[in-house]
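*Asks:* Have a look at this one.
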Amino acid sequence: MAGPRLRSSRAGGLSAMIVTTLLACTASAPASAPSHAAVPEWIDGAVCYEVFVRSFQDSDGDGIGDLQGLISRLDYINDGSARTQRDLGAGCIWLMPVARSPSYHGYDVADYYAVDPDYGTNEDFRLLVSEAHRRGIRVLVDMVLNHISSDHPAFQAALHDTTTPFRSWFRFLPEHPGVRNPWGGDNWHRSPVRDEYYYGFFWHGMPDLNLENPAVREEAKRIATYWLEDMGVDGFRLDAIKYLIEDGHDIQDTPGTHEFLREYAAHVRSVSPDAFTVGEVWDSTAVVMQYYPDQLDAYFAFEVADSIVAAVRSGSARGLLDPVLRLQQALPRNRFATFVRNHDQTRTMTALDGDVRSAKLTAAILLTLPGVPFIYYGEEIGMTGDKPDERIRTPMQWSAQPGAGFTRVSPWQPLQTDSLRTHVAAQDGDPGSLLNLNRRLIHLRASNRALALGELIPLRTTSDAMTAWLRRDGEGLMLFVGNLADTVTAGTALDGAHRALRAGTYDARDLLTGRAAASVAVSEDGRIERYVPFAEMSAKDFVLLELAHRQ
Ligand code: CA
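In my numbering, the protein residues as written are 726 to 1276.
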């Protein structure tokens, strides 16, 4: 266990190591009985907001967002009062990497124990955590373990000194192995120092860590302990975990990767039982399922995201619910994370060709389906952006002021061309805005068990353009109905949920407008039969009804 260290941080306690070992030994239950069936309670009903610190708020006038800026905007994310709805109401933030890095995005870390000077200091970070916690916001940080920056002292030592213990932190070969990765790229990079090659999945500036080396595994755990205990975070978003450990020419989803994740997650739980871990496995649901039951708490459901965007774009509900139903069937609740778009993807509004009604429908679908929803900053106001990456990570548009209220100088990245039109200030007081829809739904989710935790029960509709489902938790019952079409849909009837519901009549109330809707009859065999909620429904419109059994 006594591998080389770059820094002496806290000594890992012996008791923590024993717990880790015990957890690792019991972590082999079948999928039907996950060893970590429940996520931390705080995640139930929480929506997580993904923040790129560089683009959120500049506090010191260098055009770069920073931690003090984020602190000054925390009330926008959650003001800590359940009574107000002028905040988003998010229960959690995920910060893209904040550790010291030579790149603007931070996914190549040069020092895992220090906040990037562009963003502030470790003290600023601790203040951010305490200010977030004061408002009921949990803090997740991005943890990049597949690779580090080629600037990192460990890699520099390994490059320049073949006798250093850091050599075994990376994978070197005297000759190029002559293979390419499954996408045709070359993962073996020529050393700038001598005649040899090293492995880096993403690019030469990101050498992969050799996580088969026990010393590297211990260092990864030590870093986790530092952020949990010294910095006070509530968990991690783990980057690119498909590629953690290679197995010969097999570079994705290897047994070694699963084994490492088991060990790592057990360590995180032993240090902080209340921590939440969510991993990026950018692949199909079938592949994601290999990462359960006993590794991280949750993974992003890329197929759910794709199916939402595809349904809203195409106007057809066919297949919309398939990925989320599959996850629901296989997993305990809230062990998967839903989203529409993240920092690696074209922004939703751009994908929807700027159609605000479609963006509202998309948000409503995300926030009424099961799972832990994540919202990328700016999505809640419909910011636009397309590749290259810098253009999907542009400064938050707060107002029509110069610098969009993000900075008083020239921003690190030019604003989007719609920054004078699309901003928080323009939507803040408009009850019909995308921002206020997001606020309303996020708050509802935080206070409504059926929306937060309820079982998803799909309903049949008489039109391909219409989608409808129930969320049920005990007596709590919600009905979502959406028209995906570009045209008015008339007289659509819903039915289904055989044996799922208590027979009788249910009063229906529109949760977003407070208006009553047509009551719902449930037959003796527990089924909704030909319920027509509205005579017609506008293009891309939706309703969220609360159903109450009439006594
Ligand atoms: Ca700044």
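Glycine is no exception: its CB is placed at the ideal position from the N, C-alpha and C atoms. Keep in mind it's a predicted model, so treat the numbers as computed, not measured.
Give the residues whose C-beta lies closer than 5 Å to at least one heavy atom of ligand 1, in chain order.
*Replies:* Residues with a Cβ closer than 5 Å to any heavy atom of ligand 1, in chain order: D783, D785, D787, I789 and D791.
*Asks:* If we count Cβ pairs, one from each stretch, closer than 8 Å, do we get three or more for the segment 762 to 770 versus the segment 995 to 1003?
*Replies:* The segment 762 to 770 vs the segment 995 to 1003: in contact.
*Asks:* Should L898 be labelled buried (16 or more other beta-carbon atoms within 10 Å of its own) or exposed?
*Replies:* Looking at its Cβ environment, which holds fewer than 16 other Cβ atoms inside 10 Å, L898 is exposed.
*Asks:* Look up P1048 in the DSSP assignment and say whether it is helix, strand or coil.
*Replies:* Looking at P1048 - three-state DSSP - the assignment turns out to be helix.
*Asks:* Just to confirm the assignment, what range does the alpha helix (DSSP H) spanning S957 have?
*Replies:* Strictly speaking, residue 957 in this sequence is Gly, with Ser absent from that position. Note, G957: premise wrong, no alpha helix (DSSP H); not H, not E.
*Asks:* Please name the residue, chosen from L936, N912 and H885, that lies closest to V918 on a Cα-to-Cα basis.
*Replies:* Closest by alpha carbon: H885.
*Asks:* Which residues does DSSP list as the beta-bridge partners of T1024?
*Replies:* The displayed chain sequence assigns Tyr, not Thr, to residue 1024. Looking at the DSSP assignment, Y1024 forms a beta bridge with G1004.
*Asks:* For the candidate residues F1025, Y829, Y838 and W819, whose alpha-carbon lies nearest to that of I854?
*Replies:* At residue 854 the sequence reads Val, which differs from the Ile that was named. Considering only alpha carbons, the answer is W819.
*Asks:* Nearest-angstrom Cα distance between F1025 and Q1070?
*Replies:* Cα to Cα, F1025 sits roughly 14 Å from Q1070.
*Asks:* Taking its Cβ as the centre, do 16 or more other Cβ atoms sit within 10 Å of P1018, making it buried, or is it exposed?
*Replies:* Burial call: buried.
*Asks:* Can you give the beta carbon distance from N1163 to G1201, rounded, assuming they're within the 8 Å contact cut?
*Replies:* Between G1201 and N1163 the Cβ distance is about 22 Å, and since that is not below 8 Å, they are no contact.
*Asks:* In whole angstroms, give me the CA-to-CA distance for G1128 and S797.
*Replies:* Whole-angstrom Cα-Cα distance: 16 Å.
*Asks:* Any contact between the segment 1183 to 1199 and the segment 777 to 790? By contact I mean 3 or more CB pairs, one from each, below 8 Å.
*Replies:* Because the criterion of three Cβ pairs below 8 Å is not met, the segment 1183 to 1199 and the segment 777 to 790 do not touch.
*Asks:* Can you tell me where the beta strand (DSSP E) with E1180 in it begins and where it stops?
*Replies:* E1180 to P1183 is the span of the beta strand (DSSP E), which, as asked, contains E1180.
*Asks:* Do you know how far the Cα of N1059 is from the Cα of G770?
*Replies:* G770 and N1059: Cα-Cα distance of roughly 9 Å.
*Asks:* Where does I1253 fall in DSSP's three states?
*Replies:* Residue state, collapsed to three classes: strand.
*Asks:* Thinking C-alpha only, which one of P1258, H1068 and G1096 is nearest L1181?
*Replies:* With distances taken between Cα atoms, L1181 lies closest to G1096.
*Asks:* So which of G957, P1098, G925 and V1006 has the shortest CA-CA distance to E1292?
*Replies:* Outside the shown range of the chain, which is 726 to 1276, sits residue 1292, and nothing can be said about it.
*Asks:* Checking 8 Å against the spacing of the C-beta atoms, do R1197 and Q810 come in under that value?
*Replies:* No.
*Asks:* Have a look at V834 and W894 and give me their C-alpha separation to the nearest angstrom.
*Replies:* Between V834 and W894, the C-alpha separation is close to 15 Å.
*Asks:* Would you list the residues sitting across from G1207 in a DSSP beta bridge?
*Replies:* In DSSP, G1207 forms a bridge with T1192 and F1267.
*Asks:* Taking the C-alpha atoms as reference points, what is the distance between D1114 and E856?
*Replies:* Going by the C-alpha atoms only, they are around 30 Å apart.
*Asks:* Taking the alpha-carbon of E921 as reference, which of H929, N935, D933 and H901 has the nearest alpha-carbon?
*Replies:* With distances taken between Cα atoms, E921 lies closest to H901.
*Asks:* Going by DSSP, name the residue or residues bridged to I873.
*Replies:* In the DSSP output, where bridge partners are listed per residue, I873 has none listed.
*Asks:* If distances are taken between C-alpha atoms only, which option among G1207, L1219 and V1257 comes closest to A1264?
*Replies:* That would be G1207, whose Cα lies nearest to the Cα of A1264.
*Asks:* Please list the segments of the alpha helix (DSSP H) lying wholly inside the segment 791 to 860, counting only runs of 4 or more residues, in order along the chain.
*Replies:* You should have 792 to 797, 799 to 802 and 847 to 859.
*Asks:* I need the DSSP call for A1222, collapsed to helix, strand or coil.
*Replies:* Three-state DSSP puts A1222 in coil, outside helix and strand.
*Asks:* What do you get for W1123, buried or exposed, if any count of 16 or more other CB atoms within 10 angstroms of its CB means buried?
*Replies:* Result: buried.
*Asks:* Would you decide whether K1085 is buried or exposed? Buried here means 16 or more other CB atoms lie within 10 Å of its CB.
*Replies:* Flag for K1085 reads buried.
*Asks:* Since R896 and N935 should fall inside the 8 Å C-beta cutoff, what is the C-beta to C-beta distance between them, to a whole number of angstroms?
*Replies:* Yes, R896 and N935 are in contact; Cβ-Cβ is about 5 Å, under 8 Å.
*Asks:* What do you reckon, are the CB atoms on N1140 and T1109 nearer than 8 Å?
*Replies:* The question names Asn, but residue 1140 in the sequence shown is Leu. No, they are not a contact pair.
*Asks:* Within 10 angstroms of its Cβ, does W782 collect 16 or more other Cβ (buried), or is it exposed?
*Replies:* One point to set straight first is that residue 782 is Gln, not Trp, in the sequence displayed. Flag for Q782 reads buried.
*Asks:* Thinking C-alpha only, which one of E937, I862, C817 and I1090 is nearest V1003?
*Replies:* Checked all of E937, I862, C817 and I1090; the closest Cα to V1003 is C817.
*Asks:* Assuming the contact rule is C-beta atoms closer than 8 Å, A940 and L1209 should be a hit. Round their C-beta distance to whole Å, please.
*Replies:* Rounded, the Cβ-Cβ distance is 53 Å, inconsistent with contact.
*Asks:* In angstroms with no decimal places, state the Cα-to-Cα distance between S826 and L969.
*Replies:* Cα to Cα, S826 sits roughly 20 Å from L969.
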